[in-house]
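The sequence shown: position 97 = 97 (my numbering), numbered continuously. We put the beta carbon where it would ideally sit given N, CA and C, even for glycine.
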Amino acid sequence: MRTVIQRVSHANVTIDGKEKSRINQGFLILLGICDEDTNEDVDWLVKKIANLRVFADENDVMNRSILDVDGEALVVSQFTLYASYKKGNRPSWFRAGSHEHSIPLYETFCKALSDQLGKPVGTGEFGADMKVELLNDGPVTICMDTKNKE
């Protein structure tokens, strides 16, 4: 799994002109899934994200997690995180997971993160044409890949 985590003041996702989800302070999480990903990847990534200390403490030092600040999360599926751009100028998506594999893992990830945070997470819609708006706070942007855990 690959993810781009952005610390946001707020974010929302709109599909066909209708707002699907909106959050205040927390994380906008773009999530890419490949066919090799498993529930172990979900577990590792959820724990890392929930405990990622990138929110300011009383000394304005990034020392608090999303749990510490009672933050919210918005998870948007993002197959383009698996773009291959080595040949030519048009990316290919052959590394992105199939719908049959990716949709259940996306749903598992969202539920596991919701359980970890103790509140519902906002979502997009897998495979939909989504419009995502955010106010990146910092900016703070972290990329993680479960295949590079060390």
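query: Kindly identify the DSSP beta-bridge partner or partners of residue 19.; result: 14
query: Which residues bound the alpha helix (DSSP H) around residue 47?; result: 39-51
query: Do you know how far the Cα of residue 42 is from the Cα of residue 55?; result: 23 Å
query: Nearest to residue 5 by CA position, among 150, 93, 141 and 61, is which residue?; result: 141
query: What's the C-alpha gap between residue 36 and residue 139?; result: 31 Å
query: Could you give the DSSP three-state label for residue 134: helix, strand or coil?; result: strand
query: Between residue 101 and residue 32, what straight-line distance do the alpha-carbon atoms span, to the nearest angstrom?; result: 12 Å
query: Counting along the chain, where does the beta strand (DSSP E) carrying residue 31 start and finish?; result: 26-32
query: What is the C-beta distance between residue 76 and residue 1, in whole angstroms, given that I count them as a contact (C-beta under 8 Å)?; result: Incorrect: roughly 13 Å between the Cβ atoms, too far for contact.
query: When the distance is taken between beta carbons, is residue 82 closer than 9 Å to residue 73?; result: no
query: On a Cα-Cα basis, can you pick out the residue from 69, 85, 44 and 94 that is closest to residue 58?; result: 69
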